[in-house]
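Asker: Right, I'll just put the structure down here and ask away after.
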DNA sequence: GCAAGGTC
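Here it is, written out as structure tokens:
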């Protein structure tokens with residue numbers, strides 16, 4: 001059995017198809033020669049005596065050996081990670097075990113992973129898995145830069161061996177990244193007392209990228225606009241307006257500009273006419289970066305563009321989207337692709353390209369061995385794709401066509417003029433041959449047409465414009481610009497660059513589009529830079545690249561390179577550990593700064609966003625505890641509160657938004673405005689409140705009912721200008737409102753927990769409908785009918801379940817309130833006694849025997865509940881009474897334990913009770929035949 | 001809980 005291992009499932013399938021087809025003698029006999037199957041959850045492709053399967057990229061991962069998982073360990077400090085041993089552990093266990101299984105009996109294994117460094121390492125990982133169960137099977141390596149019949153057949157006809165040096169270079173990179181990344185991440189997170197979700201990460205790629213963004217921001221902040229002046233004249237020729245610019249493009253000095261303006265005098269005399277042509281080169285094929293840049297012009301974010309391209313790739317519409325290559329390999333049949341594309345709705349453009357096909361396709365600078373440039377791989381129907389998918393597909397198709405289309409040509413025209421002692425110029429251009437622009441329609445070809453003029457022509461001067469302008473700072477990075485810049489600096493790869501931005505955002509190092517750094521992002525970069533940690537420098541990547549080259553060439557070994565890196569990292573830690581406190585403080589100060597949203601209106605100290613250990617967050621005064629002013633915010637379950645740049649004009653406080661992963665941010669706006677409006681309704685719930693009173697409270701910075709209920713009465717007296725008695729009354733009212741609100745929020749919480757969100761029916765909506773209908777607490781909900789609930793966006797079954805759950809919760813709460821202790825309550829519930837009504841209706845003796853609770857205690861509970869419910873409590877029951885009655889009853893022949901229980905349930909606990917009972921009724925209540933009851937009654941007598 | 005790199 002020949003085992004072929006590809007880097008990914010799709011590659012495995014295509015390789016199998018090509019090899020199976022190439023094997024067949026006559027090509028006319030088409031059809032599914034390849035048998036697709038699933039083994040251990042992995043797709044397999046079999047033909048003849050061959051089985052092909054795809055990995056999922058790296059199927060093993062490196063990590064530290066066990067013992068290093070505790071970040072705060074006294075023994076294994078971050079520093080010890082530098083020399084910690086690393087291990088490889090499987091990440092795709094099913095694939096690993098399948099390879100092991102097949103390898104045992106394989107007679108040949110071919111590694112057919114991607115033709116690049118990481119592919120070689122992935123191949124070596126597969127090789128090691130094979131070797132773990134089969135020491136002898138020959139292992140080949142097939143290398144190809146496109147999965148075309150030609151390349152695949154040659155690669156398999158002439159296989160090579162694994163390049164272990166190249167793979168070792170990849171391993172060195174892996175280990176160095178882990179050592180530096182993990183040790184520094186832990187160190188700096190601990191120094192700044194950050195844990196859990198808010199750790200501060202550091203890495204060879206993310207940190208220099210962050211540093212780039214921080215640097216740009218500093219450049220912008222430090223930028224001082226310089227004024228300059230631009231001079232132009234408006235004129236016309238035979239009715240066509242002409243604007244001519246002064247040949248000094250920018251005057252740095254105002255006096256010079258004014259002087260030139262003075263020296264400008266009519267007429268404008270044409271002194272030179274220059275005609276020319278300009279070639280506008282057709283664009284090069286797409287690699288990942290240029291594709292992301294082009295998609296950005298269509299308003300796709302980098303990550304979104306890649307996700308869509310990957311989708312299209314998985315469906316066979318476009319080639320592999322992660323590539324560094326801008327040169328089509330010879331083996332790619334470009335004309336065949338054109339033919340295929342004629343089936344699409346873009347066939348007109350395709351036809352144009354075929355008719356005007358340039359001999360050699362355009363090419364970019366980078367030719368690499370991994371994959372061909374991004375190109376269409378199949379005809380897609382517009383209806384089969386989403387709008388966005390189609391836009392991306394069309395972009396890739398049109399770019400492909402453009403690379404096979406002629407250059408565009410422009411006719412250019414340049415005039416020079418004299419005006420007094422000054423010289424002016426005007427330039428025009430006109431598209432003469434559209435070329436690739438016929439098919440690549442993403443930028444408008446704008447003509448600037450000038451009227452025809454000859455040397456010596458005189459033109460009038462209609463106006464002289466002397467405009468003062470200012471230089472502008474460099475712009476913040478857009479996502480695509482950032483990716484371009486990363487590529488230039490060698491940071492990240494075609495597959496990872498677009499993810500780095502997401503990582504920086506999720507760590508809250510940067511925000512916004514275009515991206516700008518947060519203070520914490522800045523703090524981390526500055527901490528690294530100030531303490532000479534070279535990881536924020538792209539130079540580190542360059543050094544690693546050089547070392548990898550040396551390992552590949554076998555001039556250095558993997559371990560030599562790692563060891564050198566470890567020595568460096570140890571020096572870094574010497575400096576870091578000596579300054580741990582200072583580093584931590586610097587970052588924490590930055591963090592605090594980011595949370596300050598303005599001045600406290602009461603005492604003038606800073607107001608700061610604060611989070612408690614639980615889910616609540618608020619804005620508090622840094623003057624606490626002397627000043628207790630605070631502003632409420634929605635629970636952190638809706639998102640973490642973040643300061644925004646915008647400032648409220650009324651309160652002079654920064655706006656706040658709540659951010660949560662996977663959700664749109666919730667724009668709170670001015671937190672105080674929000675606080676005021678969300679508390680207004682509650683304030684109005686106090687019977688004696690009115691707008692005027694609320695205005696007075698606000699004037700004293702009292703905004704919530706909670707404050708009215710809890711502030712010192714003196715403050716209220718002062719704020720409202722009333723007497724103590726009124727204030728005391730008001731405080732009582734506020735307490736009442738708080739209680740109503742507490743119950744309402746309990747109800748909302750319950751609804752949120754038990755109502756499944758669906759389109760158009762959020763739990764919040766259901767809760768709002770309940771409050772609207774006057775149902776304000778759990779008791780109210782428990783008392784509702786299922787019918788009423790179905791009016792509130794719930795289905796009949798949902799209503800019933802909700803009611804059952806509500807009643808269970810409500811009853812438990814009610815029973816606790818009546819005085820049944822929690823431990824006993826548990827026993828009652830287990831025995832099926834769940835409602836207050838049960839306690840009133842059932843005999844305490846019955847409650848006792850089915851729960852094992854002493855009769856006296858059960859009686860006490862029943863009494864408490866009945867009193868609470870306003871029902872006559874049962875007569876006292878004692879252990880002795882129960883025992884005597886029980887013995888009496890059991891003496892009656894034919895009356896056993898199970899019947900006894902039924903009698904208890906019906907309230908009969910002794911012979912007296914039995915005798916006095918109505919036999920018919922008791923029969924019905926117990927399910928015991930009436931004659932039998934009569935017989936028992938007779939026996940008593 | 002940490003990196004970066006594959007792939008889904």
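Residue numbers (UniProt numbering): 1 to 941. Glycine is no exception: its CB is placed at the ideal position from the N, C-alpha and C atoms. Here the structure is a predicted model, which means the values were calculated and not measured.
1) Given a cut-off of 8 Å, decide if residue 600 and residue 623 are closer than it, judged by their beta-carbon atoms.
2) Report the residue from 786, 749, 892 whose alpha carbon sits nearest the alpha carbon of residue 778.
3) CA-CA distance, residue 879 and residue 808?
4) Report the partner residues of residue 273 according to the DSSP bridge assignment.
5) Are the CB atoms of residue 480 and residue 296 within a distance shorter than 8 Å?
6) Quick one: Cα of residue 421 to Cα of residue 263, how far?
7) Would you check if the distance between the CB atom of residue 658 and the CB atom of residue 668 is smaller than 8 Å?
8) Would you kindly report the start and end of the unbroken beta strand (DSSP E) that includes residue 793?
9) On a CA-only basis, which of 305, 665, 368, 347 is nearest residue 330? Give me that one, please.
10) Kindly provide the ranges of any alpha helix (DSSP H) runs that are 4 or more residues long and lie completely inside the stretch 141-227, ordered along the chain.
11) What's the C-alpha gap between residue 646 and residue 333?
12) Which runs of the beta strand (DSSP E) spanning at least 3 residues fall entirely within the stretch 450-484, listed in chain order?
13) Determine whether the beta carbon atoms of residue 53 and residue 7 lie at a separation below 8 Å.
14) Answer with buried or exposed for residue 25, where buried requires no fewer than 16 other C-beta atoms within 10 angstroms of its C-beta.
15) My output table needs one value for residue 9: the three-state DSSP class, helix, strand or coil.
16) Using only alpha-carbon positions, find the residue among 111, 142, 117, 116 that is nearest to residue 128.
17) Going by beta carbon distance, what residues of the same chain come within less than 8 Å of residue 810, once the five residues before and after it are set aside?
18) Which of helix, strand or coil does DSSP assign to residue 2?
19) Helix, strand or coil for residue 608? Go by DSSP, reduced to three states.
20) Mind checking residue 615: buried by the 16 CB within 10 Å criterion, or exposed?
21) Just to confirm the assignment, what range does the alpha helix (DSSP H) spanning residue 519 have?
22) Which parts of the stretch 828-907 are runs of the beta strand (DSSP E), unbroken and 3 residues or longer, counting only runs that do not cross its ends?
23) Is the beta carbon of residue 818 less than 8 Å from the beta carbon of residue 868?
24) What are the start and end residues of each continuous alpha helix (DSSP H) run of 4 or more residues lying completely inside the stretch 674-703, in chain order?
25) Does the pairing of the stretch 506-523 with the stretch 469-484 give three or more beta-carbon distances under 8 Å?
26) Taking all protein chains shown into account, do 16 or more other C-beta atoms lie within 10 angstroms of the C-beta of residue 723, making it buried, or fewer, making it exposed?
27) Note down, in chain order, each residue of its chain lying with its Cβ closer than 7 Å to the Cβ of residue 265, except the 5 sequence neighbours on either side.
28) Given that a residue counts as buried once 16 or more other Cβ atoms are within 10 Å of its Cβ, and exposed if not, what is residue 504?
29) In the DSSP assignment, find the beta strand (DSSP E) that holds residue 579 and state where it starts and stops.
30) Just how far apart, CA to CA, sit residue 711 and residue 641?
31) Find the nearest neighbour of residue 94 within the set 40, 844, 139, judged by alpha-carbon distance.
32) Quick check on residue 29: does DSSP put it in helix, strand or coil?
33) Would you call residue 314 buried or exposed, if buried means 16 or more other Cβ atoms sit within 10 Å of its Cβ?
34) How would you label residue 760, buried or exposed, when you count the other beta carbons within 10 angstroms and need 16 or more for buried?
35) Please report the Cβ distance between residue 693 and residue 720, rounded to the nearest whole angstrom; I am assuming they are in contact, meaning their Cβ atoms lie under 8 Å.
36) Specify the secondary structure class of residue 71 as computed by DSSP and reduced to three states.
Answerer: In brief:
1) In the first chain, the residue the question calls residue 623 occupies position 623. In the first chain, the residue the question calls residue 600 occupies position 600. A contact, by the Cβ cut-off of 8 Å.
2) Taking the first residue of the first chain as position 1, residue 778 is located at position 778. Nearest of 786, 749, 892 to residue 778, Cα basis: 749.
3) Counted from its first residue, the first chain places residue 879 at position 879. Counted from its first residue, the first chain places residue 808 at position 808. Cα to Cα, residue 879 sits roughly 30 Å from residue 808.
4) Here residue 273 corresponds to residue number 273 of the first chain, with the count starting at 1. Within the DSSP secondary-structure output, residue 273 pairs in a beta bridge with 415.
5) Walking along the first chain from the start, residue 296 turns up at place 296. Walking along the first chain from the start, residue 480 turns up at place 480. Contact check for residue 296 against residue 480 passes: the beta carbons are separated by less than 8 Å.
6) Taking the first chain and counting its residues from 1, the one referred to as residue 421 is at position 421. Taking the first chain and counting its residues from 1, the one referred to as residue 263 is at position 263. Between residue 421 and residue 263, the alpha-carbon positions lie close to 6 Å from each other.
7) The residue labelled residue 658 in the question sits at position 658 within the first chain. The residue labelled residue 668 in the question sits at position 668 within the first chain. For residue 658 and residue 668, yes; Cβs fall inside 8 Å.
8) In the first chain, residue 793 corresponds to position 793, counting from 1. Run containing residue 793: none; DSSP gives neither H nor E here.
9) The residue labelled residue 330 in the question sits at position 330 within the first chain. Comparing Cα positions, the closest option is 368.
10) As far as the stretch 141-227 is concerned, its whole alpha helix (DSSP H) runs of at least 4 residues are 149-157, 164-191, 206-222.
11) The residue given as residue 646 occupies position 646 in the first chain. The residue given as residue 333 occupies position 333 in the first chain. Cα to Cα, residue 646 sits roughly 56 Å from residue 333.
12) Qualifying beta strand (DSSP E) stretches, in chain order: 463-470.
13) Locating residue 53 in the first chain gives position 53, where the first residue counts as 1. Locating residue 7 in the first chain gives position 7, where the first residue counts as 1. Contact: no.
14) For this step, residue 25 is matched to residue 25 along the first chain. Confidence is the limiting factor: at residue 25 the pLDDT is only 42, short of 50, which leaves the residue's position unreliable, though a coordinate-based value still follows. Around the beta carbon of residue 25, a 10 Å sphere encloses fewer than 16 other beta carbons of the protein chains shown; the residue is thus reported as exposed.
15) Along the first chain, one-based indexing puts residue 9 at 9. In this structure, residue 9 counts as helix in the three-state DSSP scheme.
16) Counted from its first residue, the first chain places residue 128 at position 128. Ranking the options by Cα distance to residue 128, first place goes to 111.
17) In the first chain, residue 810 corresponds to position 810, counting from 1. Sequence-distant Cβ neighbours of residue 810 in its own chain, meaning closer than 8 Å and more than five residues away, are 778, 779, 781, 782.
18) Sequence index remark: in the first chain, residue 2 carries index 2 (1-based). Residue 2: strand per DSSP, three-state reduction.
19) Residue mapping note: residue 608 aligns to position 608 of the first chain, counting from 1. Residue state, collapsed to three classes: strand.
20) Against the first chain, residue 615 aligns to sequence position 615. Around the CB of residue 615, fewer than 16 other CB atoms lie within 10 Å, so the residue is classed as exposed.
21) Along the first chain, one-based indexing puts residue 519 at 519. Per DSSP, residue 519 belongs to the alpha helix (DSSP H) from 519-530.
22) Here no run is fully enclosed.
23) As a first step, residue 818 must be located in the first chain, where it is residue number 818. As a first step, residue 868 must be located in the first chain, where it is residue number 868. Going by beta carbons, residue 818 and residue 868 fall inside the 8 Å limit.
24) Along the stretch 674-703, the alpha helix (DSSP H) occurs as fully enclosed runs of 4 or more residues at 691-699, listed in sequence order.
25) Under the 8 Å Cβ criterion, the stretch 506-523 counts as touching the stretch 469-484, having at least three qualifying pairs.
26) Within the first chain, the letter at position 723 stands for residue 723. Exposed, since its Cβ has fewer than 16 Cβ neighbours within 10 Å.
27) Numbered from its first residue, the first chain carries residue 265 at position 265. Hits under 7 Å: 419, 420.
28) One-based indexing of the first chain puts residue 504 at position 504. By the neighbour-count rule (16 or more Cβ atoms within 10 Å), residue 504 is buried.
29) The sequence position of residue 579 within the first chain is 579, counting from 1. Counting along the chain, residue 579 falls outside any beta strand (DSSP E), and DSSP gives it neither H nor E.
30) Locating residue 711 in the first chain gives position 711, counting from the first residue. Locating residue 641 in the first chain gives position 641, counting from the first residue. For the pair residue 711 and residue 641, the Cα-to-Cα distance works out to about 26 Å.
31) The residue labelled residue 94 in the question sits at position 94 within the first chain. Here the closest residue by C-alpha is 40.
32) On the first chain, position 29 is the one that residue 29 refers to. Because residue 29 carries a pLDDT of 45, less than 50, the predicted location of this residue cannot be relied on, and no value is offered for it.
33) Within the first chain, numbered from 1, the residue matching residue 314 stands at position 314. Residue 314 comes out exposed.
34) Taking the first residue of the first chain as position 1, residue 760 is located at position 760. Residue 760 comes out exposed.
35) For this step, residue 693 is matched to residue 693 along the first chain. For this step, residue 720 is matched to residue 720 along the first chain. That pair is a contact at about 7 Å.
36) Taking the first residue of the first chain as 1, we reach residue 71 at position 71. Here DSSP, grouped into helix, strand and coil, assigns residue 71 to coil.
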